[in-house]
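Per mature numbering (1 follows the signal peptide of the UniProt record, and there is no 0): the sequence shown = residues -23 to -1, 1 to 210.
Beta carbons are placed, not taken as given, at the ideal position from N, Cα and C, and that holds for glycine.
The model shown is predicted, which means the values in this text are computed figures rather than measured ones.
Report on the structure given below.
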Amino acid sequence: MRKLLWIAAASLAAALGMGRADAGSIVEYSLTGVPGDTVAVNPTLEADHVAGMQLVRGGGLLPNTAGNSFNSRGWNTLATDDYVELGFTVDAGYVATVDQFIVATRSSSTGPGSVDVNVSVDGGAFQTLATFLQVTDTFKNSIVDLGLTVHSSLVLRLMVDMDNPVAARGGAIGATGTFRVSDYLAGGVFSPTRLTGSVSLAPSAVPEPSSVLLLGGGAFGVVALRVRRRAGR
């Protein structure tokens, strides 16, 4: 009897919990050992029901060597294809809640001093959600709160802030000035560049309350029927 009641309760709890997922990394890019001038970096972690995009440069940038990073030069042209891009797509029937973008970045002295974080959600227009003020000779660790709901795709681009297109040490951005993306450092421990949050069933795919009640009622009904049979009724 107790076992049957436990099974029924577990079935109801599972139904009520459908569609929920614990927060964590949606997509990660580990840059440890990356030489800087690679064409692209593949995701090193992808959440279930998500396909991570490669970390790539826009066509206006050129690769540049630098250990443990994804490094680019050519920012001085201030063109629309001067960007570093990453992101992911979501399987049909699922939705991603994106909490944060966690990254470390660094500019050379003639690299961009002000870099925008631009995002496009589900194919929409890019919007600026944050701006990094770069420092030279060291990496800048950043955590950007996003608070985005994604049904099909998220594309994130790092681009020169066109309202402040100056080099990290002032003056014009140079042709050889570089900007790197690398692993985040906290407490002496490196962790991958990443987008965090959770992935769940889209609302239309979650059972309606009436369906959940029917499922639970059916499970408890089975228990009641077996109890009656044992009682000879």
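A Cβ-Cβ distance of about 33 angstroms is found for the pair residue 14 and residue 176, leaving them out of contact under the 8 angstroms criterion. Within the stretch 81 to 146, the complete beta strand (DSSP E) segments at least 3 residues long are 91 to 98, 104 to 110, 117 to 127 and 130 to 137, listed from N- to C-terminus. When DSSP reads this structure, residue 43 sits in no beta bridge, so it has no partner.
If you ignore the 5 residues before and after residue 81, its C-beta comes within less than 8 angstroms of the C-beta of 116, 117, 118, 119, 158, 159, 160, 161, 162 and 170, all in its own chain and listed in chain order. The bridge partners DSSP lists for residue 66 are 28 and 130. Across the set 79, 87, 89 and 130, the C-alpha of 130 shows the shortest separation from the C-alpha of residue 102.
Taking 8 angstroms as the upper bound for CB-CB distance, residue 111 and residue 142 are not in contact here, some 12 angstroms apart. For residue 56, there is no enclosing beta strand (DSSP E), as DSSP marks it with neither H nor E. Here the C-alpha atom of residue 105 lies approximately 29 angstroms from the C-alpha atom of residue 44. When Cβ pairs closer than 8 angstroms are counted between the two stretches, the stretch 66 to 80 is seen not to touch the stretch 147 to 156, the count staying below three.
Between the C-alpha atoms of residue 41 and residue 50 there is a straight-line separation of about 6 angstroms. In this structure, the straight-line span from the alpha carbon of residue 29 to that of residue 140 is close to 30 angstroms. Listed in chain order, the non-local C-beta contacts of residue 167 below 6 angstroms within the same chain comprise 160, local neighbours out to five positions each way being set aside.
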